[in-house]
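Visitor:
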Amino acid sequence: MKAWIEKISLQGFKSYGKDRVEIPLGQGFIGIVGPNGSGKSNIGDAISFALGIATAKTLRAKNLSYLIYNRNSDRADYAYVEVHFKNYGLFPLQEEDIVISRKVYQDGRTVFRINGAVVRERDLMDFLSKAGIYENAYNVVLQGDIVRFLKMTPVERRKLIEEIAGIEEYEEKKQKALADLGEVELKIRELRLLMDEMEVHMEKLKEELKRLRLYKELEEAKRSLEIKLNLKTAYEFKRSIDNIKVQIESKEEELKDLRQRITGYEERLKTLEEGLKKLNEDLFPFRERVGRISQSMENIDHNVQAHRKRLEDLEKEIYSTQEQIKFLEAQKELLLKDEEDLKKVIEQEEVELISLEESANLLWRSIKEKEDRLKVSLEEMEKTEEKLKELSSILEKNKKELSTLELKIKEIDIKKERVREDMERLKEEEEKLKADMAEAIMKRENYQKMLKEEEKSLKHKKEEYQKVEEKLRKIRQEREEVLKEMSMIRGRLQSLPPEDLPFEDIRGVYGRVASLVRIKDLEYLKAVETAGGGRLSYVVVENEDVAKECINRLKELRWGRLN
39 MKAWIEKISL
49 QGFKSYGKDR
59 VEIPLGQGFI
69 GIVGPNGSGK
79 SNIGDAISFA
89 LGIATAKTLR
99 AKNLSYLIYN
109 RNSDRADYAY
119 VEVHFKNYGL
129 FPLQEEDIVI
139 SRKVYQDGRT
149 VFRINGAVVR
159 ERDLMDFLSK
169 AGIYENAYNV
179 VLQGDIVRFL
189 KMTPVERRKL
199 IEEIAGIEEY
209 EEKKQKALAD
219 LGEVELKIRE
229 LRLLMDEMEV
239 HMEKLKEELK
249 RLRLYKELEE
259 AKRSLEIKLN
269 LKTAYEFKRS
279 IDNIKVQIES
289 KEEELKDLRQ
299 RITGYEERLK
309 TLEEGLKKLN
319 EDLFPFRERV
329 GRISQSMENI
339 DHNVQAHRKR
349 LEDLEKEIYS
359 TQEQIKFLEA
369 QKELLLKDEE
379 DLKKVIEQEE
389 VELISLEESA
399 NLLWRSIKEK
409 EDRLKVSLEE
419 MEKTEEKLKE
429 LSSILEKNKK
439 ELSTLELKIK
449 EIDIKKERVR
459 EDMERLKEEE
469 EKLKADMAEA
479 IMKRENYQKM
489 LKEEEKSLKH
499 KKEEYQKVEE
509 KLRKIRQERE
519 EVLKEMSMIR
529 GRLQSLPPED
539 LPFEDIRGVY
549 GRVASLVRIK
559 DLEYLKAVET
569 AGGGRLSYVV
579 VENEDVAKEC
589 INRLKELRWG
599 RLN
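Each number in the working numbering comes from the position in the sequence shown (counting from 1) with 38 added on.
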């Protein structure tokens, strides 16, 4: 398999003008000579530009649009480069002539083509990588690269040699595979939390194991065995493959058993979660009823306290009214006594007044008869009149007092009647309050009884809830242990060598790193896998001579690469 550049075509690229220019090359060593500034370096730049394996910086341009021809205000519309290859099995196409072209416009837009078909840059890179042409592999050594190589440190030089040898591509693939594996691990952790996606996760894990270990490594081993059918070690290789298949089948059986156990756990979890949900639904009305009962009891207690306070106020008011009635009755008795005394005085005064009036009449009748004696008794008459006036005044005053006393007695009777009515009303209200309070106390007792029953039922439900929670916890713990065991099995599968080594008969070969590592506690398996990575598949030998002998054996058998 081989290929070479037959010619390149340039138009509007750097120092090459608008006219199309073809530069023939060919097979073997080709030298391009010319004076400074004649465009020798631009030919290498054009090849790197067309194949997409160089940036604008490495092509000594600010950006891709600066690669377009621009001289004396005569600027081209685009820069265009074609690279014509003669292909004899190196490129993954049947055609003998392969043309890779690239065009960049003034706005920086660029177009890649393979045999006239537009392709993406990523597709072009994949196409070229199959022919051993990589972006950073120094397939094209540009101006200044040799000087830079001489100034490199040993580590940078080794890295550059690895890039040229194509090792970096495999390292990138390895890193990509590790990244993919990391994504799978992330998905596994996520799917542990998402029970509904467990089956999908198991199928992906199965497909991942088959794809990464069975269909890839075993197919490679199968192709290698077909090449080495006539060799003496063919039987040993086949036996090793069979052993690996048996181991994988055994691990798949373990995975199948674990998957069945997880399915059982999922069903149990689903049943328990449904029961838990039903318990929560059953507990909800109980909580509501308890809340309502508690609120009703609080309202009843509040009403009882209010009734009690009102009853106490009424009792105080009744007592005050009774005291007022007693005071009014005592005052009435005093007034009645005063009235009797006044009546007696008035009667005496009236009798005396009548007597005085009669005496006055007798005196007036005898005036004429006693005119002579008038003068003598004039003083007595004046005294009698004065006394009569005084008695009349006293009588009038007593009458007024009597009238006042009668009014007061009437007012006291009216007030007493009102007090009696208030007493009757208060007694009725007291009886009603006592009845309401008795009813409220009875309701509170009923509510307390209902509350005790509800609390008892709620306690029973909580106990059931706790039992279900404990079952759930145990099942989740068992599920975690099963998933951990699956992770260990997957780690063991990954640590299995894809095939037997073709130089186990050589003395000083100890085997792969993975087969030499002994892990006492499986919880450290993940840490060993992460730390070791791809180096777990490296082969350990005694010394450099043994390593050379192994390399020669690999070349004889066309085995491929091993580390």
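Glycine included, every Cβ here is placed at the ideal spot set by N, Cα and C.
Please report the residue range of the alpha helix (DSSP H) in which LYS78 lies.
Guide: Start and end: 78 to 89.
Visitor: Under a Cβ-count criterion, where at least 16 other Cβ atoms within 10 Å of its own Cβ denotes burial, should ASP549 be classed as buried or exposed?
Guide: According to the sequence shown, residue 549 is Gly rather than Asp. So GLY549 ends up on the exposed side.
Visitor: In terms of residue numbering, what span does the alpha helix (DSSP H) encompassing PHE165 cover?
Guide: 159 to 167 is the extent of the alpha helix (DSSP H) around PHE165.
Visitor: Following the continuous beta strand (DSSP E) through ARG151, name the residue where it begins and the one where it ends.
Guide: Note, ARG151: beta strand (DSSP E), 148 to 152.
Visitor: Is the stretch 77 to 84 close to the stretch 143 to 163, with three or more CB pairs under 8 angstroms?
Guide: Counting Cβ pairs under 8 angstroms, fewer than three are found: no touch.
Visitor: Tell me the rounded alpha-carbon separation between ILE46 and LEU592.
Guide: When rounded, the distance between both Cα atoms is 39 angstroms.
Visitor: Using only CA atoms, which one of VAL577, ARG545 and GLU361 lies nearest to ALA552?
Guide: Nearest C-alpha to ALA552: VAL577.
Visitor: Can you tell me where the beta strand (DSSP E) with ASP135 in it begins and where it stops?
Guide: Unbroken beta strand (DSSP E) run through ASP135: 135 to 143.
Visitor: Does any heavy atom of the ligand MG sit closer than 7 angstroms to the C-beta of TYR126?
Guide: As presented, the structure is devoid of all ligands, the ligand MG included, so that no description of it is given.
Visitor: How is ALA585 classed by DSSP in three states: helix, strand or coil?
Guide: DSSP places ALA585 in helix when its eight states are reduced to three.
Visitor: So, is LEU105 buried or exposed, given that buried needs 16 or more other C-beta atoms within 10 angstroms?
Guide: By the neighbour-count rule (16 or more Cβ atoms within 10 Å), LEU105 is buried.
Visitor: Alpha carbon to alpha carbon, how far is ASN108 from VAL59?
Guide: Cα to Cα, the separation comes out at about 16 angstroms.
Visitor: For a test of the three-state rule: what should DSSP assign to ARG545, helix, strand or coil?
Guide: Note: ARG545 maps to coil in three-state DSSP.
Visitor: Alpha carbon to alpha carbon, how far is GLY127 from ASP112? Give it in angstroms, no decimals.
Guide: Answer to the nearest angstrom: the Cα atoms are 43 angstroms apart.
Visitor: Please name the residue, chosen from GLY66, TYR54 and GLU507, that lies closest to LYS40 on a Cα-to-Cα basis.
Guide: Among GLY66, TYR54 and GLU507, the Cα nearest to that of LYS40 is on GLY66.
Visitor: Less than 8 angstroms separating the beta-carbons of GLY55 and TYR116?
Guide: No.
Visitor: Using only alpha-carbon positions, find the residue among LYS512, GLU580 and LYS490 that is nearest to ILE544.
Guide: Cα-wise, what sits closest to ILE544 is GLU580.
Visitor: Could you tell me which residues DSSP pairs with ARG109 in its beta bridges?
Guide: In the DSSP output, where bridge partners are listed per residue, ARG109 has ASP112.
Visitor: Whole angstroms is fine: what's the gap from GLU361's alpha carbon to GLU439's?
Guide: Whole-angstrom Cα-Cα distance: 27 angstroms.
Visitor: Nearest-angstrom Cα distance between LYS494 and GLU501?
Guide: The straight-line gap from Cα to Cα measures roughly 11 angstroms.
Visitor: Span of the beta strand (DSSP E) holding LEU48?
Guide: 40 to 49 is the extent of the beta strand (DSSP E) around LEU48.
Visitor: Would you kindly check if the distance between the Cβ of GLU159 and the Cβ of LYS90 is under 8 angstroms?
Guide: For clarity, residue 90 is Gly in the given sequence; the question names Lys instead. In this structure, GLU159 lies closer than 8 angstroms to GLY90 by Cβ.
Visitor: In whole angstroms, what is the alpha-carbon distance linking PRO536 and LEU224?
Guide: Residue placement at PRO536 is flagged as unreliable, the pLDDT there being 43, under the threshold of 50; a coordinate-derived value is accordingly withheld.
Visitor: Starting from GLU60, trace the beta strand (DSSP E) in both directions and tell me its first and last residue.
Guide: 59 to 62 is the extent of the beta strand (DSSP E) around GLU60.
Visitor: What distance in whole Å lies between the Cβ atoms of SER167 and ARG151, which are believed to be in contact at a cut-off of 8 angstroms?
Guide: Not a contact, Cβ separation roughly 18 angstroms.
Visitor: Going by CA-CA distance only, name the one from THR442, GLU221 and ASN101 that's closest to ARG147.
Guide: Here the closest residue by C-alpha is ASN101.
Visitor: For VAL578, report the span of its beta strand (DSSP E) as first-last.
Guide: It spans 577 to 579 - the beta strand (DSSP E) in which VAL578 sits, taken as one unbroken run.
Visitor: Hey, GLU120 and VAL137 are a contact pair by Cβ (cut 8 angstroms); roughly how many whole angstroms apart?
Guide: Between VAL137 and GLU120 the Cβ distance is about 6 angstroms, and since that is below 8 angstroms, they are a contact.
Visitor: Compare the C-alpha of LYS375 against each of GLN343, MET163, ILE447 and GLU350 and name the closest.
Guide: The candidate whose alpha carbon is nearest that of LYS375 is ILE447.
Visitor: Could you tell me the distance, in whole angstroms, from the CA atom of GLU477 to the CA atom of ASN484?
Guide: In a straight line, the C-alpha of GLU477 is about 11 angstroms away from that of ASN484.
Visitor: Answer with buried or exposed for VAL71, where buried requires no fewer than 16 other C-beta atoms within 10 angstroms of its C-beta.
Guide: It counts as exposed.
Visitor: Using alpha carbons as the reference points, say which of GLU587, SER441 and LEU162 lies closest to LEU131.
Guide: The option with the nearest alpha carbon to LEU131 is LEU162.
Visitor: Could you give the DSSP three-state label for LYS124: helix, strand or coil?
Guide: Residue state, collapsed to three classes: strand.
Visitor: Rounded to whole angstroms, what is the Cα-Cα separation between PHE123 and ASN590?
Guide: Computed Cα separation, rounded: 34 angstroms.
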